[in-house]
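J.: Quick note, the sequence shown lines up with residues 0 to 1203 if you use numbering that gives the first Met the number 0. Every residue gets a Cβ at the ideal spot worked out from N, C-alpha and C, and that includes glycine. Owing to the predicted nature of the structure, the values given are computational and were not obtained by experimental measurement. Pasting a structure below so you can have a look.
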Amino acid sequence: MTPRTGLENRPLTLWRLAQPLWSRIEEGERLTQGQLDAVVEAFFRIGVHPGTDPVTALNLLARAHRLDSTNPKHPYHVGLLYLRHGRPEAAVRWLTAAATLSPVNHRVWAHLSLAYRGLDEQRSGTPGYDGEHRARAEEIGATIRDGHDDFDPEAGEPPLPLLWPGVCRWTGVHDMAADGRLRGRTAERTRDTLHADLEAVAGLVDGRRGGAASFTVLAVQWMVYGYPPATVRRLMKQLPPDDGAAGRVLSLVCDLFEADRAELPARLAVCLSMRSLPDVLVALIHRQRLFWRPLRFPDLGAHAAARAFTDGDPARHEKALASAWRSLAEEPPNPMADVPLPEGTEEAPTAGPDERLAVFTDTAATLKSLREDAQAHAKDLAQGAVTDAADHARTSGDRDVLTELVDRLEAVRLSWVEELRRFKGAEPAGLVMPFSEFQRRLEACEAEFQEPLGSVRAVLKKRVDRKLAKYRGEFAADGPTPSPEALALSARLTALEGPAAEESSGASTATPAPGSAPSARRPAAPPPPPVDADARARVTHALAMAEDRLRTNFAEARTTLEAYPPESRHREAVTLLRAYLGGQQAEAELRLGRTTDARRYWNSMLADDPLHPGVLRNLAVAHTSAGDLAHAGLAWRRCLEALYLRDLLHGDIRRGAAERADVHRVLAGSFGTAPLVQGLTPRSELEEDPRQIPPVLAGKGKVGTAVAHLRLDELNHVLTHRSPTLLLGVGRSVDEAELAAARGRRRAAVTTAVAALPARVRGPFEEACVRLIDEAHAEASRTKGRTRRPGDEAEEQAHLAWARSRVLWKLAINKAVVQDAEADWALTEYSGDVLGNLRLIDALPLDPTDDMVLSSVRQLGLQGDAAVFVRQLNKLGELACERAVSRVFEVAAETTSGGADRFPDRFRRIGRSWVRNSVPDRYLDFLNDPQGLYFPSIRSAFSILNTSGTPADDHERKVVAAAVTALERWMRRLPGATGPAVVLARLLSSLDRYDEVEAVLSRAGAEAFDERGRQKLTPAYIRLDIDRGRYAGTVPRIRTLLAAEPDDDQLRSLLVYAYDRWIDSGKSVPSTRTVAEDFARWTDEETVELRRRLVLRAAMAAYRSRHEAGGTGPLVAELGDVCLRDPGDTQALYHLVEALHKHAFELRGEMQGTSGERRRALRTELKKLKVTCQEHAAALLSGSEINEEQRARLREIIRNLRPE
């Protein structure tokens, strides 16, 4: 016989068996049905194994579902996985798929109901949500409990289950329903509804596996949430005997909830030491039963009003603070009663008349004893001496206690008398003692209750009050301080207060349970202020009393922790309780305006957990609220460091990525940057006033901080993606090159983003991010990005929402700085800061290749190409610069507006702001030379100058003079702009007003925005020197400037102008070699032609300046040298021919007056000259560079030179 063996459940073994088969499936190989079933089952078992990480489990269960799409257990467990990790939306989709495959499976439908409930909690409070998910959850739950299967009313005939039709087939629905209701408000109405579920679970103890444990868990929750343990005791009696762990735990918890509060701390300490209860449960019981006093100030409005009170009527404030004091000092509330039993249900036996009479007799004796002790104490007060302030305070306090005690004692006596009369009139059924004895004792008891209070009230009014009034002026500084004896009398009376029926009706034969007051009586009023206190002092006293009462509550709560031995002080239960008290007290102090105390408590909480993100965050918020920005910044960095360290130590940086992203969004909108990130942070709106944005943009520190946190928000948002293509930011059909480029972009983004993180986590977090990016790249390369995963759709929707928020954010900034026609930020002195800081915004671009970003743009209804629109949003700085220039020009042109007289100073500040923030030169040049503003007023004058260079007649001089006047006005309106000064200088120079030119340029240089603007005046200074004839010093300056800017057209034009004017002057004309060398750097045809013209003119001007001295010989030599350096200069060659021809006639004339050797030498020179001249002429005639007139002249010269 083959032995039976257990099924294999070890994940590694299952994977080793299934992996080869899965590889064959991936390669497209067909498997047998048995092999396919084995792979599916292996993947399922690995996926549901508790040791499998969630990502692997999700992938394997999805594979199993893909291979076997008819089995409901695969989508069911995927839905459970999403439900367990707080993703109800995805859980609903998968559980709906499982319910479709198995429409009568109540377990699946129950968890679908739970998913809908989670979706309701997630969307509760959002606009447009009406609670339909909660209604659907309740509808499914009710259908399961009723045993029906019509989950879809519109589907027609419901399916019929094969087993147990009409019966609830998954009893866990009762536990789920009760658990859901327990999370609501604790109230008697909820108690009655919950009781049905608790009773149902109790009735299933025998019928299901683990029934006792299920009931124990639910019953413990029942008591922890504040419901009566009596209900649990009653239901326990209906259960079968259970000596197991569940029964022992439940009995112990019931004992603890019913124990005397004075004994409870010690009993909880024993439970903690013996580990008989979980630490968390010990902490919950301790908090529920021992932290019963209020730990929050009940009326913060009254507290704030009292703090602000300075003068007036204090009664309203005193009344409100006294009410708060009573709320803080009230006694423990009555425990909630058991669920009322239905009519006809057998109740527990009540006490007989003998026991009830015993209660009345004992109470009468207690009242008598209390009455006598109160009278004795009043007489002691009347007889005692008042020698100092302490005696006066004690006597005054005891007087107040006894005065109140007298009224209370009378009310208690009358209550018991009324109850005794009802008892006396009833039939004493079940009487044990003889009736005569019963009557005697009853009469004696009634007589005892009828005894008057005696002279207590008279002693207090006539003797004690008189004594206190006598010494009030001397000892009234201190408030009343009751003695322990008086307080003991009050406590004894407290035990007797309450409805007499509860004590004597027969429901119990004993006095009230120790440690719990029969009723929540209204506590006494707070101690009164000193008699001579003014209005402000009275309010201050009332405020101090209320605050002291709150501190006393915390002190009493902390005292309950002292029962735990030292070795248990670091157990989880005690640590949780300390953290709870510390957090409550810190929050209370913060709400009362004492941020220093709040920070001290939060700092003390860090002793238990130095990296607790919640404590660090609260501490950071407190520092921020207090305006302590230095400590706030440090606290926020510690909070961030804790968040990152927590997940780095856990080994999965994806785990808290969403939480970290939320924190970074909050920080991006903190420290005064909320308007800048509107729509991105919690409780911010997109329709906020856009005029709030530019002032925030003016702060570089604020913008830099916001951008750094938004960059980290983007990084952590990316890390939430499991899909490799989403993590890389690419589509599903990209090639390997695009994948590699995306990986490079993501790595660069990580490096930039982590620079803002604390140093301790920066490096490890960057390495973890790069590792995830590399893994995503490898997976996308392996699967070619085409494989869809179970969570891809949800991730895509989340990414789409994130992309939409970023697009709307950029649109809001665009609206504020570009589209707002009424925005005047461009006219402020911080406009340059806005433009400079927009570059930081542009450094956080939207990806124009991201499909989700483009989809979000299209969903917003924006027209045109979405990618082009996104690229425009990535250039907000350029758009803002253009808008700023346009706005400045608009206002500058408004010369008649009310603010026209203030515009010059604003313009100067704007320009300096732009220079200070390194606005691109392209836009700064618009301010330096706003031609669009001033040029229309000088167009006519410039037309004259461009035509003739200078005004030719009086009319033209008037036109130029009018332009001068207009430009002077623009210079006054645009101080700092050098462009108008340069043009004005040229106009003045054309009118020969050189002194004014120098003054204009000096003023412009002094007012220029920056050095670059002053450099633009240099050409004007050079032109001025040229116009004044200072050529020899001007040309070297131009030469020096050209060495730095060889391609500057303006400098080249100035050089041409300088040489033109210098050559025309005929004074100290520059040499042709110098002119040629200065223009040799340019080889374009236009400049070469200019150079040849200037060189020829320089040669001819030098010839003319010699006044024909020396003949044409020097000219021939100079032009010959020019032609030798530039053989292509045809005009120089032509003039050389002319000079040679003229020089030939000069030689011939000289020969006529000489003889001998001199004549022969001149003849030889003449022959050479003629030959040279003829050769040059022939060369010119063979070319096409000269005109016909010059050709005719050359032919004439050749004829003249030929021998006859």
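Taking Cβ positions, are V172 and A268 nearer each other than 7 Å?
T.: No; because the gap between Cβ atoms is not below 7 Å, this pair is not in contact.
J.: Spatial neighbours of G1182 within its chain, please: CB distance less than 8 Å, with the 5 preceding and 5 following residues excluded, ordered by chain position.
T.: Counting only Cβ-Cβ distances below 8 Å, and skipping sequence neighbours, we find T1129.
J.: Mark F1144 as exposed unless 16 or more other C-beta atoms lie within 10 angstroms of its C-beta, in which case mark it buried.
T.: Under this definition F1144 is an exposed residue.
J.: Terminal residues of the continuous alpha helix (DSSP H) containing N715?
T.: Start and end: 699-718.
J.: Identify, in the order they occur along the chain, each residue of the same chain with its Cβ nearer than 6 Å to the Cβ of H716, setting aside the five sequence neighbours on each side.
T.: Result list for H716: A660, W801, in chain order.
J.: D646: buried (16+ other C-beta within 10 angstroms of its C-beta) or exposed?
T.: Burial call: buried.
J.: Among residues of its own chain, excluding the 5 on either side of A965, which ones have a beta-carbon nearer than 8 Å to its beta-carbon?
T.: Cβ neighbours of A965 beyond the five flanking positions: Y933, S936, I937.
J.: Can you give me the Cβ contacts of R1091 inside the same chain, cut-off strictly under 7 Å, excluding the 5 residues immediately before and after it?
T.: These residues qualify, in order along the chain: D1125, D1128, Q1130, A1131.
J.: Please name the residue in E561, E588, S567 whose C-alpha comes closest to that of R550.
T.: Per the Cα distances, E588.
J.: Does the stretch 635-645 come close enough to the stretch 661-675 that 3 or more CB-CB pairs lie under 8 Å?
T.: Contact between the stretch 661-675 and the stretch 635-645 is present, because at least three Cβ pairs lie under 8 Å.
J.: Do L875 and L843 have their beta-carbon atoms positioned less than 7 Å apart in this structure?
T.: Not a contact, by the Cβ cut-off of 7 Å.
J.: Mark N1186 as exposed unless 16 or more other C-beta atoms lie within 10 angstroms of its C-beta, in which case mark it buried.
T.: With fewer than 16 Cβ atoms within 10 Å of its Cβ, N1186 is classed as exposed.
J.: By DSSP, does M1206 sit in helix, in strand, or in coil?
T.: No answer is possible for residue 1206: it lies beyond the span of the chain, which begins at 0 and ends at 1203.
J.: Around the Cβ of V1170, are there at least 16 other Cβ atoms within 10 angstroms (buried) or fewer (exposed)?
T.: The residue in question, V1170, is exposed, as its Cβ has fewer than 16 Cβ neighbours within 10 Å.
J.: Does the Cβ of L486 have 16 or more other Cβ atoms within 10 Å, making it buried, or fewer, making it exposed?
T.: Burial call: exposed.
J.: How far does the alpha helix (DSSP H) with K378 in it extend, from its first residue to its last?
T.: From DSSP, the alpha helix (DSSP H) with K378 extends over 352-382.
J.: Classify D397 as buried or exposed, calling it buried when 16 or more other Cβ atoms lie within 10 Å of its own Cβ.
T.: With 16 or more Cβ atoms within 10 Å of its Cβ, D397 is classed as buried.
J.: So what does DSSP say about L6, is it helix, strand or coil?
T.: Here L6 sits in coil by DSSP.
J.: Note the first and the last residue of the continuous alpha helix (DSSP H) segment covering F256.
T.: Per DSSP, F256 belongs to the alpha helix (DSSP H) from 244-257.
J.: Do the CB positions of V216 and L238 come within less than 7 Å of each other?
T.: Going by C-beta atoms, V216 is not nearer than 7 Å to L238.
J.: Write down every uninterrupted run of the alpha helix (DSSP H) in the stretch 859-914 whose length is 4 residues or greater and which is fully enclosed by it, in chain order.
T.: As far as the stretch 859-914 is concerned, its whole alpha helix (DSSP H) runs of at least 4 residues are 865-872, 875-892.
J.: Consult DSSP for R135 and reduce its assignment to one of helix, strand or coil.
T.: R135 falls in the helix class under three-state DSSP.
J.: Could you have a look at S503 and say whether DSSP puts it in helix, strand or coil?
T.: For S503, the predicted model reports a pLDDT of 44, less than 50, meaning its position is unreliable; a value from the coordinates is still stated below. Here S503 sits in helix by DSSP.
J.: Let me know the secondary structure DSSP gives N945 once reduced to three states.
T.: Reduced to three states, the DSSP call for N945 is helix.
J.: As a quick exercise: from D904, E877, L878, pick the residue whose alpha carbon is nearest that of V890.
T.: Ranking D904, E877, L878 by Cα distance to V890 puts D904 first.
J.: Can you list, in chain order, the residues of its chain with a C-beta nearer than 7 Å to that of A516? Leave out the 5 residues immediately preceding and following it.
T.: Unreliable placement is indicated for A516, whose pLDDT of 35 sits below 50; the coordinate value is still reported in the next sentence. If we look at A516 and ignore the five residues flanking it on each side, its Cβ neighbours are E330, P331, T493.
J.: Under DSSP, the alpha helix (DSSP H) around P694 begins and ends at which residues?
T.: Where P694 is concerned, the enclosing alpha helix (DSSP H) stretches over 692-696.
J.: Just the C-alpha distance for H316 and E792, rounded to the nearest angstrom, thanks.
T.: Looking at the two C-alpha atoms, the distance is approximately 58 Å.
J.: Evaluate A1191 with the Cβ neighbour count: other Cβ atoms within 10 Å of its Cβ, from every protein chain shown; 16 or more gives buried, anything less gives exposed.
T.: Classification of A1191: exposed, given that the 10 Å Cβ count is below 16.
J.: Which value, in whole angstroms, describes the spacing of the CA atoms of L944 and H954?
T.: Distance between the alpha carbons of L944 and H954: 13 Å.
J.: On the premise that L283 lies in contact with V223, defined as a C-beta separation below 8 Å, what is that separation, rounded to the nearest angstrom?
T.: Going by Cβ atoms, the distance from V223 to L283 rounds to 5 Å, so yes, they are a contact pair.
J.: For S1104, count neighbouring C-beta atoms within 10 Å of its own C-beta (all shown protein chains included) and say buried if the count is 16 or more, exposed if not.
T.: Exposed.
J.: Of all the options A265, D259, L276, which has the alpha carbon lying nearest to the alpha carbon of L251?
T.: Residue L276 is the option with its Cα nearest to L251.
J.: Name the residue from V38, L859, L834 whose alpha carbon lies nearest to the alpha carbon of V806.
T.: The candidate whose alpha carbon is nearest that of V806 is L859.
J.: Which full runs of the beta strand (DSSP E) of 3+ residues lie inside the stretch 1123-1161, going along the chain?
T.: For the stretch 1123-1161, not a single whole beta strand (DSSP E) run of length 3 or above is found.
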